[in-house]
Amino acid sequence: MQSVLTTAQLADAVGVSESSVKRWIDDGRIAASRTAGGHRRVSVEEAARYIRAAGLALDRPERLGLPDLSAYARARSADADLGEALFDSLTRGRTAGAAGLLQARFLAGASVAQLVDGPLAYAMTRVGALWRSSPEGVLTEHRATETAIQAVIRLRALLPPVFDGPVAVGGAPSGDPYVLPSLAAAAVVEDEGFRAVNLGPQTPFDTLAAGVTAFGACLAWVSFSSVEDPGGLRRDVLKLAKRLGSSGAVLVAGGARVDRLALGREKGVVVGDAMAELQAVARGLVLSGRAARGAGEAGR
Ligand code: B12
Numbered sequence: 010m011q012s013v014l015t016t017a018q019l020a021d022a023v024g025v026s027e028s029s030v031k032r033w034i035d036d037g038r039i040a041a042s043r044t045a046g047g048h049r050r051v052s053v054e055e056a057a058r059y060i061r062a063a064g065l066a067l068d069r070p071e072r073l074g075l076p077d078l079s080a081y082a083r084a085r086s087a088d089a090d091l092g093e094a095l096f097d098s099l100t101r102g103r104t105a106g107a108a109g110l111l112q113a114r115f116l117a118g119a120s121v122a123q124l125v126d127g128p129l130a131y132a133m134t135r136v137g138a139l140w141r142s143s144p145e146g147v148l149t150e151h152r153a154t155e156t157a158i159q160a161v162i163r164l165r166a167l168l169p170p171v172f173d174g175p176v177a178v179g180g181a182p183s184g185d186p187y188v189l190p191s192l193a194a195a196a197v198v199e200d201e202g203f204r205a206v207n208l209g210p211q212t213p214f215d216t217l218a219a220g221v222t223a224f225g226a227c228l229a230w231v232s233f234s235s236v237e238d239p240g241g242l243r244r245d246v247l248k249l250a251k252r253l254g255s256s257g258a259v260l261v262a263g264g265a266r267v268d269r270l271a272l273g274r275e276k277g278v279v280v281g282d283a284m285a286e287l288q289a290v291a292r293g294l295v296l297s298g299r300a301a302r303g304a305g306e307a308g309r
C-alpha cells in the first residue's frame with residue numbers, strides 16, 4: 010500500500026481539480042506534510058478520513074494506491090447485496106475482493122461496526138452452514154475464515170494511526186479458538202480512536218487483566234464464541250469485571266455464545282449482542298471524558 014498521495018492523485022481519486030485539493034489543505038481541512046521541495050503530501054489514512062467526513066464519492070479509486078480497492082473497483086461497479094458479494098469473495102479465497110469491498114464501503118461512510126455486524130456476520134453465517142450441504146464445506150470454511158481475517162487486517166490499515174489515544178485491550182477466553190470476532194472488535198474500537206491491543210484467542214483472564222494494567226486501558230472486551238463450562242466462565246468473568254472496575258476500566262462482553270453465561274445486569278460488565286454496542290461504549294467513554302490516555306507503548 011502506498012502511504013502518501015500527491016495532490017494530483019487525491020484530486021483524480023475524488024474527481025475534483027488539483028487546486029481544490031490544495032485549497033482544502035491550505036484551509037486546514039486536510040492534514041498534509043511537505044516534501045523538501047515544498048510539495049503537499051497527504052497520507053492515505055488522512056485521505057480516507059476526509060473522503061468519509063466530506064461524503065465524497067470515488068471517481069477513480071485506483072488513484073488512492075490501495076491495491077485491494079483497485080482490484081475490487083475493476084471487478085464490479087455496485088453490489089446490490091453486500092453480504093452475498095462478500096460471501097462470494099470469501100468462499101473463493103479472494104482476499105483482494107473481500108478487502109476491497111470492505112474498504113469501498115468504509116470510504117463510502119460505513120463504520121467498521123456496521124461492516125462487521127452487517128455483511129461480515131452475514132457472510133460468515135452462510136460460511137458456517139456450508140458443512141451441512143457439501144463434503145468440501147469444512148475446507149471452504151477454513152479458507153474463507155482465513156480470507157476474512159486478512160480482509161479485516163487490510164481494512165484496519167485504512168484507520169488513522171492513534172499515537173496517544175485511549176487504550177482498549179481484549180481477546181477471547183481460554184479454550185476459545187476463534188480469531189475473527191476479537192480481531193473485528195479491535196478494528197471497531199480503533200475506528201473510535203482507541204489504540205487496540207488484541208490479545209487474540211485463548212487469552213487467560215489473568216493475562217487480559219495484566220494487559221489492562223500494563224497499557225493503562227480504560228476499556229476491555231471479551232468475545233465468547235466457544236463456551237464449554239458456562240458456570241465457571243461466568244464466575245471468572247464477574248471476578249475479572251471486579252478487578253478491572255477497581256482499576257477504572259469498563260468490561261464489554263459479547264460474541265455468539267455470550268448468552269450462555271447468563272450475564273444480566275451484573276455490576277461492571279456491559280453485555281452486547283453486536284459490535285454496535287462495543288462501538289457505543291467506546292464512543293461514550295470518549296464523549297464523557299472517561300477515556301483516559303493509556304500508559305506506555307500500546308502498539309499501532
Ligand atoms: C470460523 C468458524 C470456526 C473456526 C474458527 C477458526 C478461527 N481461527 O477463528 C473453527 C474451525 C475453529 C470452528 C470450529 C468449530 N465450530 Co465453528 N464456526 C465458525 C463460523 C463459520 C464463523 C465464526 C466467525 O468468525 N464469525 C464472524 C464474527 C465476526 O461474527 P460472530 O462471531 O457471529 O460475532 C457477532 C456478534 O456475536 C458480535 N460479537 C462478536 N464478538 C463480540 C465481542 C463484543 C465485546 C461484542 C459487544 C460483540 C461481539 O459481533 C459479531 C457481528 O455481529 C461460525 C458461523 C457463524 N454463524 O458465525 C461457525 C459456528 C460458530 N461453529 C459451529 C460449530 C458447530 C463448530 C464446531 C463444534 C465444529 C466441529 N464439529 O468441530 C467447532 C467447535 C470449536 C470450539 N472449540 O468451539 C457452529 C456453532 C453452533 C452452536 N450453536 O454452537 C457455528 C454457528 C456454525 C454452524 N452454523 O453450525 N468454527
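The sequence shown begins at 10 in my numbering and counts up one residue at a time.
For each residue, glycine too, the CB sits at the ideal point set by N, CA and C.
| Item | Value |
| --- | --- |
| Would you say the region 190-203 touches the region 139-153, given that touching needs at least three Cβ pairs under 8 Å? | no |
| Confirm the yes/no value for this check: CB of Leu95, any heavy atom of ligand 1, distance under 6 Å. | no |
| Tell me where the alpha helix (DSSP H) around Ala250 begins and ends. | 239-255 |
| Are there any heavy atoms of ligand 1 lying less than 6 Å away from the beta-carbon of Tyr187, as far as the coordinates show? | yes |
| Is it the case that the CB of Asp126 approaches a heavy atom of ligand 1 more closely than 6 Å? | yes |
| Is it the case that the CB of Leu363 approaches a heavy atom of ligand 1 more closely than 6 Å? | Because the chain is modelled from 10 through 309, residue 363 falls outside the range shown and cannot be assessed. |
| Ligand 2 heavy atoms versus the CB of Gly264: any closer than 6 Å? | Among the ligands in the structure shown, ligand 2 does not appear; only ligand 1 can be found there. |
| Have a look at Leu260, Leu14, Arg274, Val125 and flag the residue whose alpha-carbon is nearest the alpha-carbon of Ala285. | Val125 |
| From Tyr59 to Leu65, what does the alpha carbon distance come to, in whole angstroms? | 8 Å |
| For the beta strand (DSSP E) containing Ala177, list its first residue and its last residue. | 176-180 |
| Mind checking which residues open and close the beta strand (DSSP E) that includes Ser44? | Inspection of the sequence shows that residue 44 is occupied by Thr rather than by Ser. Where Thr44 is concerned, there is no enclosing beta strand (DSSP E), given that its DSSP letter is neither H nor E. |
| Express the C-alpha separation of Thr15 and Val51 in angstroms, rounding to a whole number. | 7 Å |
| In whole angstroms, give me the CA-to-CA distance for Gly277 and Leu260. | 7 Å |
| Looking at Ala153 and Leu99, is the spacing between their C-beta atoms short of 7 Å? | yes |
| Which one or two residues does DSSP pair with Arg204 in a beta bridge? | Val176 |
| How far does the alpha helix (DSSP H) with Leu116 in it extend, from its first residue to its last? | 104-116 |
| Distance check for Ile34 and Ser235, CA to CA, integer angstroms please. | 49 Å |
| Hey, how far is the Cα of Arg53 from the Cα of Arg292? | Here residue 53 turns out to be Val, not Arg, going by the sequence shown. Rounded to whole angstroms, Val53 to Arg292 spans 24 Å at the Cα level. |
| Just grab the DSSP bridge partners of Leu228 for me. | Ala177, Val259 |
| Starting from Leu14 and walking both ways along the beta strand (DSSP E), at which residues does that stretch end? | 13-15 |
| Is the beta carbon of Glu145 within less than 6 Å of some heavy atom of ligand 1? | no |
| Using a Cβ-Cβ cutoff of less than 7 Å, which residues in the same chain neighbour Val178 once the five nearest sequence positions on both sides are dropped? | Val206, Leu208, Leu217, Gly220, Val221, Phe224, Ala226, Ala229 |
| For Thr149, is the beta carbon positioned less than 6 Å from some heavy atom of ligand 1? | no |
| Are there any heavy atoms of ligand 1 lying less than 6 Å away from the beta-carbon of Pro190, as far as the coordinates show? | yes |
| Measuring only the C-alpha atoms, how far is Pro169 from Arg114? | 16 Å |
| Taking the beta strand (DSSP E) that Arg269 belongs to, which residues open and close that run? | Arg269 -> no beta strand (DSSP E), and no H or E assigned at all. |
| Return the Cβ separation of Pro8 and Leu189 in integer angstroms, given the expectation that the two are a contact with Cβ distance under 8 Å. | The structure shown has nothing for residue 8, since the chain only spans 10 to 309. |
| Mapping DSSP to helix, strand and coil, what is Arg6? | With the chain covering 10 to 309 only, the question about residue 6 has no answer from this structure. |
| Could you check how far apart the C-beta atoms of Arg204 and Val171 are, in whole angstroms? I think they sit under 8 Å. | 5 Å |
| Cutting at 6 Å between CB atoms, please list the residues of its own chain near Arg163, excluding the five before and the five after it. | Asp77, Ala108 |
| For Leu116, which residues from the same chain have a beta carbon less than 7 Å from its beta carbon, with the 5 sequence-adjacent residues on both sides left out? | Ala57, Ile60, Arg61, Leu67 |
| Do you know offhand how far Val176's Cα is from Thr104's? | 29 Å |
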